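**Student:**
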Amino acid sequence: MKKILNLICFSIAGIFMALSFSGCATVVTSAAQKAWENRSTEDQVTDSKIHTGILDKLKNKDKGLLLDVNVDVWEQRVMLTGTLDDSGVRSEVESLAKQDSRIKILHNHIQVVSKAEKEARRKQKAEGGDEKSGAGQAVNDFWVETKIKAQLLTQSNVTSVNYFYRSVLNHVYVIGKADNDPEKSMVLSISRATEGVKSVQEYIAVSVDY
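Residue numbers in the sequence shown follow the working numbering, run continuously in steps of one, and reach 251 at the last position.
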């Protein structure tokens, strides 16, 4: 089973790398994914605008922030993750994001690390290191995310496109919406049992709660 899972992980990683060189393929994949999501078309459009707006604000402040901070949005709920070396900048990033009145709630899980660690992660991402084999924490986080994705894809009762998950220093953060409680439990169980994961923080809504 472990060999099969590893094969799936490498296949998924290969696909991610291939798509990074094909903007057209990325658009097609994104469109196909959205068709399977349990978000309404209206929510998809609104979330996309919120996501783009936050990224634009970060870019205008410091382009490097696009390498430091991850922004995920699901039904106007925002999750910020990543690493910064200044708690003041962390607060400023949160304030910039909150300027969008469409946001219902914002979860800030940006971790404060040393300047050396932040720069190392930034360099790995700038060079595409988080999508290639090699050493470094960014690479390790990429593989944690890949292993979670591979396992979710093998579950017939889990619709993996309804979740965004990030690994930062081996701490996993998940946001999205499950169709029911058993699906939510399965997603969390898989995430927590994935090799290398230290903790899991979740913001998974359940459809019946709406």
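Ideal Cβ positions, reconstructed from N, Cα and C, are used throughout, including at glycine.
Computed from a predicted structure; not experimentally measured.
Contact defined as beta carbons within less than 8 angstroms: I believe residue 241 pairs with residue 204. What is the distance between those atoms, to the nearest angstrom?
**Tutor:** For this step, residue 241 is matched to residue 200 along the sequence shown. For this step, residue 204 is matched to residue 163 along the sequence shown. Not a contact, Cβ separation roughly 12 angstroms.
**Student:** In terms of alpha-carbon separation, which member of 222, 124, 108 and 218 lies closest to residue 85?
**Tutor:** Taking the sequence shown and counting its residues from 1, one reaches residue 85 at position 44. It is 218 whose Cα lies nearest to the Cα of residue 85.
**Student:** Based on Cα-Cα distance, which residue from 101, 90 and 103 lies nearest to residue 119?
**Tutor:** As a position in the sequence shown, residue 119 is number 78, starting the count at 1. The residue with the shortest Cα to Cα distance from residue 119 is 90.
**Student:** I'd like the list of long-range same chain contacts for residue 239, defined as Cβ closer than 6 angstroms, with 5 residues on each side in sequence excluded.
**Tutor:** For the purposes of this step, residue 239 is identified with residue 198 of the sequence shown, where counting begins at 1. These residues qualify, in order along the chain: 211 and 212.
**Student:** Tell me whether residue 199 sits in a helix, a strand or coil according to DSSP, three-state version.
**Tutor:** To locate residue 199, count along the sequence shown from 1; it is residue 158. Looking at residue 199 - three-state DSSP - the assignment turns out to be coil, as it is neither helix nor strand.
**Student:** What is the C-beta distance between residue 114 and residue 96, in whole angstroms, given that I count them as a contact (C-beta under 8 angstroms)?
**Tutor:** Translated into the one-based positions of the sequence shown, residue 114 becomes position 73. Translated into the one-based positions of the sequence shown, residue 96 becomes position 55. In fact, because the Cβ distance is near 11 angstroms, the residues do not count as touching under 8 angstroms.
**Student:** Is the beta carbon of residue 116 sitting closer than 9 angstroms to the one on residue 163?
**Tutor:** As a working mapping, residue 116 is identified with position 75 in the sequence shown. As a working mapping, residue 163 is identified with position 122 in the sequence shown. The answer is no: Cβ separation not under 9 angstroms.
**Student:** Should residue 186 be labelled buried (16 or more other beta-carbon atoms within 10 Å of its own) or exposed?
**Tutor:** Sequence index remark: in the sequence shown, residue 186 carries index 145 (1-based). Under this definition residue 186 is a buried residue.
**Student:** Mapping the DSSP letters down to three states, classify residue 168 as helix, strand or coil.
**Tutor:** In the sequence shown, counting from the first residue as 1, residue 168 sits at position 127. Residue 168: coil per DSSP, three-state reduction.
**Student:** Measure the alpha-carbon distance for residue 184 versus residue 109 and round it to whole angstroms.
**Tutor:** Within the sequence shown, numbered from 1, the residue matching residue 184 stands at position 143. Within the sequence shown, numbered from 1, the residue matching residue 109 stands at position 68. Residue 184 and residue 109: Cα-Cα distance of roughly 18 angstroms.
**Student:** Quick check on residue 220: does DSSP put it in helix, strand or coil?
**Tutor:** Within the sequence shown, numbered from 1, the residue matching residue 220 stands at position 179. Looking at residue 220 - three-state DSSP - the assignment turns out to be coil, as it is neither helix nor strand.
**Student:** Among the residues of its own chain, which have a CB less than 7 angstroms from the CB of residue 107, if the five just before and after it don't count?
**Tutor:** On the sequence shown, position 66 is the one that residue 107 refers to. The answer, listed in chain order, is 96, 99 and 100.
**Student:** Could you say which of 105, 236 and 142 lies nearest to residue 87 if we only look at CA atoms?
**Tutor:** Within the sequence shown, numbered from 1, the residue matching residue 87 stands at position 46. Taking only the C-alpha atoms, the option nearest residue 87 is 142.
**Student:** With H, G and I counted as helix, E and B as strand and the rest as coil, what does DSSP make of residue 111?
**Tutor:** The residue labelled residue 111 in the question sits at position 70 within the sequence shown. The answer is strand: DSSP assigns residue 111 an E or B state.
**Student:** Where DSSP assigns a beta bridge to residue 252, which residues make up the other side?
**Tutor:** This structure cannot speak to residue 252, because the chain is shown only from 42 to 251.
**Student:** Taking the alpha-carbon of residue 102 as reference, which of 248, 207 and 134 has the nearest alpha-carbon?
**Tutor:** The sequence position of residue 102 within the sequence shown is 61, counting from 1. Closest option to residue 102, Cα to Cα, is 134.
**Student:** List the whole-angstrom C-beta distance separating residue 126 from residue 156, where the pair is believed to meet the contact cut-off of C-beta under 8 angstroms.
**Tutor:** For this step, residue 126 is matched to residue 85 along the sequence shown. For this step, residue 156 is matched to residue 115 along the sequence shown. With 8 angstroms as the limit, residue 126 and residue 156 qualify as a contact, their Cβ atoms being about 4 angstroms apart.
**Student:** So, residue 121 versus residue 148, is the Cβ gap smaller than 9 angstroms?
**Tutor:** Taking the sequence shown and counting its residues from 1, one reaches residue 121 at position 80. Taking the sequence shown and counting its residues from 1, one reaches residue 148 at position 107. Contact flag set, yes.
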